[in-house]
Amino acid sequence: MKPARKPQTSAAPKAKRKSHEDKNQEARDRKRDKKRRGHAAGSRANPVAPQAAKNGAAKEKDPRIGSKKPVPLLKEGVTVAKPIKKAPVEQKPLMSPEEELAMLENDERLDNLLDRLENGEMLSADDQAWLDQTLDRIDVLMEQLGIGLDDEEEDEADVDMYRLLKGEQ
76 MKPARKPQTS
86 AAPKAKRKSH
96 EDKNQEARDR
106 KRDKKRRGHA
116 AGSRANPVAP
126 QAAKNGAAKE
136 KDPRIGSKKP
146 VPLLKEGVTV
156 AKPIKKAPVE
166 QKPLMSPEEE
176 LAMLENDERL
186 DNLLDRLENG
196 EMLSADDQAW
206 LDQTLDRIDV
216 LMEQLGIGLD
226 DEEEDEADVD
236 MYRLLKGEQ
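First residue of the sequence shown? That's 76 in this note's numbering, and the numbers climb one at a time after it.
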(Lines of atoms letter the chains of each structure in order from A and count residues from 1; the text may use other names and numbers.)
(Lines give C-alpha, C1' and ligand atoms only; values in the text may rest on other atoms or scores of the structure.)
Protein backbone atom coordinates (compact mmCIF):
# COMPACT_ATOMS: atom_id res chain seq x y z
CA MET A 1 0.00 0.00 0.00
CA LYS A 2 1.01 3.44 -0.78
CA PRO A 3 1.07 6.05 1.87
CA ALA A 4 -1.63 8.59 1.61
CA ARG A 5 -0.82 12.01 0.28
CA LYS A 6 -0.67 14.76 2.73
CA PRO A 7 -3.33 17.32 2.26
CA GLN A 8 -2.08 20.67 0.98
CA THR A 9 -2.47 23.48 3.39
CA SER A 10 -2.18 27.13 2.74
CA ALA A 11 0.47 27.49 5.41
CA ALA A 12 3.37 27.51 2.93
CA PRO A 13 2.70 30.14 0.26
CA LYS A 14 4.00 29.47 -3.25
CA ALA A 15 6.77 31.68 -4.66
CA LYS A 16 5.39 34.31 -6.96
CA ARG A 17 6.46 34.23 -10.57
CA LYS A 18 8.39 37.29 -11.70
CA SER A 19 6.97 39.47 -14.40
CA HIS A 20 8.81 40.28 -17.63
CA GLU A 21 9.62 43.79 -16.40
CA ASP A 22 11.25 42.44 -13.24
CA LYS A 23 13.29 39.88 -15.20
CA ASN A 24 14.41 42.56 -17.69
CA GLN A 25 15.45 44.91 -14.88
CA GLU A 26 17.50 42.19 -13.16
CA ALA A 27 19.20 41.36 -16.47
CA ARG A 28 20.10 45.03 -16.97
CA ASP A 29 21.53 45.22 -13.46
CA ARG A 30 23.66 42.09 -14.04
CA LYS A 31 24.90 43.51 -17.35
CA ARG A 32 25.83 46.82 -15.70
CA ASP A 33 27.74 45.04 -12.94
CA LYS A 34 29.54 42.88 -15.48
CA LYS A 35 30.48 45.94 -17.53
CA ARG A 36 32.10 47.61 -14.52
CA ARG A 37 34.66 44.87 -13.94
CA GLY A 38 38.34 45.66 -14.42
CA HIS A 39 40.50 48.70 -13.78
CA ALA A 40 39.60 52.30 -14.44
CA ALA A 41 40.95 54.01 -17.54
CA GLY A 42 44.54 55.20 -17.11
CA SER A 43 45.07 53.16 -13.95
CA ARG A 44 48.37 51.75 -15.23
CA ALA A 45 49.94 55.13 -15.90
CA ASN A 46 48.42 56.81 -12.81
CA PRO A 47 48.09 54.16 -10.15
CA VAL A 48 45.99 54.80 -7.09
CA ALA A 49 48.27 54.61 -4.06
CA PRO A 50 46.76 53.17 -0.90
CA GLN A 51 46.29 55.89 1.73
CA ALA A 52 47.53 53.74 4.62
CA ALA A 53 50.95 53.14 3.02
CA LYS A 54 51.77 56.85 2.84
CA ASN A 55 53.62 57.33 6.08
CA GLY A 56 56.29 59.56 4.56
CA ALA A 57 59.27 57.24 4.85
CA ALA A 58 58.26 54.70 2.22
CA LYS A 59 59.00 55.76 -1.35
CA GLU A 60 56.27 55.03 -3.87
CA LYS A 61 57.20 52.38 -6.37
CA ASP A 62 56.57 53.23 -10.00
CA PRO A 63 54.50 50.41 -11.51
CA ARG A 64 55.87 51.03 -14.98
CA ILE A 65 58.45 48.57 -16.18
CA GLY A 66 62.01 49.62 -16.88
CA SER A 67 65.05 51.17 -15.30
CA LYS A 68 64.96 54.77 -14.13
CA LYS A 69 68.74 55.07 -14.02
CA PRO A 70 69.96 57.91 -16.27
CA VAL A 71 71.94 56.72 -19.27
CA PRO A 72 75.05 58.70 -20.24
CA LEU A 73 74.83 59.82 -23.86
CA LEU A 74 78.58 60.40 -24.28
CA LYS A 75 81.58 58.33 -23.26
CA GLU A 76 83.41 59.46 -20.17
CA GLY A 77 86.17 61.98 -20.84
CA VAL A 78 84.74 63.08 -24.19
CA THR A 79 83.88 66.76 -24.47
CA VAL A 80 81.67 68.34 -27.03
CA ALA A 81 83.36 70.94 -29.20
CA LYS A 82 81.50 74.24 -29.19
CA PRO A 83 81.02 75.85 -32.59
CA ILE A 84 83.24 78.84 -33.22
CA LYS A 85 81.33 81.97 -34.00
CA LYS A 86 82.65 83.80 -37.01
CA ALA A 87 82.88 87.56 -36.94
CA PRO A 88 80.28 89.14 -39.20
CA VAL A 89 81.79 90.31 -42.45
CA GLU A 90 81.31 94.00 -43.00
CA GLN A 91 80.06 94.83 -46.45
CA LYS A 92 82.10 97.45 -48.16
CA PRO A 93 80.16 99.88 -50.28
CA LEU A 94 80.68 99.26 -53.96
CA MET A 95 80.84 102.97 -54.71
CA SER A 96 81.66 106.05 -52.74
CA PRO A 97 78.71 108.34 -51.93
CA GLU A 98 79.93 110.90 -54.49
CA GLU A 99 80.01 108.30 -57.27
CA GLU A 100 76.59 106.92 -56.33
CA LEU A 101 75.06 110.41 -56.23
CA ALA A 102 76.55 111.26 -59.63
CA MET A 103 75.24 107.99 -61.07
CA LEU A 104 71.72 108.65 -59.73
CA GLU A 105 71.64 112.23 -60.99
CA ASN A 106 72.61 111.05 -64.50
CA ASP A 107 70.06 108.22 -64.55
CA GLU A 108 67.91 108.32 -67.72
CA ARG A 109 64.93 106.56 -66.14
CA LEU A 110 64.87 109.09 -63.30
CA ASP A 111 64.97 111.97 -65.80
CA ASN A 112 62.14 110.46 -67.89
CA LEU A 113 59.92 109.88 -64.85
CA LEU A 114 60.52 113.40 -63.53
CA ASP A 115 59.68 114.86 -66.96
CA ARG A 116 56.46 112.82 -67.06
CA LEU A 117 55.50 114.09 -63.61
CA GLU A 118 56.14 117.71 -64.67
CA ASN A 119 53.89 117.17 -67.72
CA GLY A 120 51.10 116.00 -65.39
CA GLU A 121 51.09 112.33 -66.38
CA MET A 122 50.15 109.64 -63.89
CA LEU A 123 52.86 107.07 -63.12
CA SER A 124 52.28 103.37 -62.52
CA ALA A 125 52.61 102.07 -58.96
CA ASP A 126 55.95 100.41 -59.75
CA ASP A 127 57.37 103.55 -61.34
CA GLN A 128 56.14 105.73 -58.48
CA ALA A 129 57.66 103.38 -55.88
CA TRP A 130 60.99 103.32 -57.73
CA LEU A 131 60.98 107.12 -58.05
CA ASP A 132 60.27 107.61 -54.33
CA GLN A 133 62.99 105.14 -53.37
CA THR A 134 65.53 106.79 -55.66
CA LEU A 135 64.73 110.31 -54.45
CA ASP A 136 65.01 109.15 -50.83
CA ARG A 137 68.40 107.64 -51.57
CA ILE A 138 69.54 110.90 -53.19
CA ASP A 139 68.46 112.80 -50.04
CA VAL A 140 70.43 110.41 -47.82
CA LEU A 141 73.52 110.73 -49.98
CA MET A 142 73.26 114.54 -50.02
CA GLU A 143 73.04 114.59 -46.22
CA GLN A 144 76.09 112.30 -45.97
CA LEU A 145 78.08 114.59 -48.24
CA GLY A 146 76.85 117.74 -46.51
CA ILE A 147 75.19 119.04 -49.65
CA GLY A 148 72.01 120.98 -48.83
CA LEU A 149 69.38 122.76 -50.75
CA ASP A 150 69.41 126.53 -50.81
CA ASP A 151 68.96 127.66 -47.23
CA GLU A 152 67.22 130.87 -48.36
CA GLU A 153 64.41 128.87 -50.01
CA GLU A 154 63.90 126.85 -46.82
CA ASP A 155 63.81 130.01 -44.70
CA GLU A 156 61.23 131.60 -47.03
CA ALA A 157 59.12 128.42 -46.89
CA ASP A 158 59.25 128.50 -43.07
CA VAL A 159 58.17 132.14 -43.03
CA ASP A 160 55.31 131.40 -45.45
CA MET A 161 54.10 128.54 -43.27
CA TYR A 162 54.31 130.76 -40.19
CA ARG A 163 52.20 133.42 -41.93
CA LEU A 164 49.62 130.87 -42.99
CA LEU A 165 49.34 129.51 -39.47
CA LYS A 166 48.95 132.99 -37.98
CA GLY A 167 46.29 133.86 -40.54
CA GLU A 168 48.25 136.65 -42.15
CA GLN A 169 48.18 137.07 -45.87
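Glycine is no exception: its CB is placed at the ideal position from the N, C-alpha and C atoms.
Secondary structure remark: continuous alpha helix (DSSP H) runs of at least 4 residues inside the segment 130-209, in chain order: 172-180 and 183-193. According to the DSSP assignment, residue 95 belongs to the alpha helix (DSSP H) that extends over 95-110. Taking a contact as a CB-CB distance under 8 Å, the pair residue 173 and residue 220 counts as one, their CB atoms being some 7 Å apart. When the Cα atoms are used, residue 156 and residue 150 turn out to be separated by approximately 14 Å. Taking the Cα positions, residue 96 is about 11 Å away from residue 103.
For the set 106, 91, 140 and 100, the Cα lying nearest the Cα of residue 119 is the one of 140. Annotation for residue 214: no residue places its beta carbon closer than 8 Å to its own, counting only its chain and skipping 5 residues before and after. Under the three-state reduction of DSSP output, residue 222 falls in the coil class, being neither helix nor strand.
Contact annotation: the segment 177-185 touches the segment 198-211, with at least three C-beta pairs closer than 8 Å. Its Cα nearest to that of residue 210, the residue 178 stands out among 178, 196, 162 and 194. The three-state reading of DSSP puts residue 215 in helix, counting H, G and I together. Judged by their CB atoms, residue 192 and residue 198 are nearer to each other than the 8 Å cut-off.
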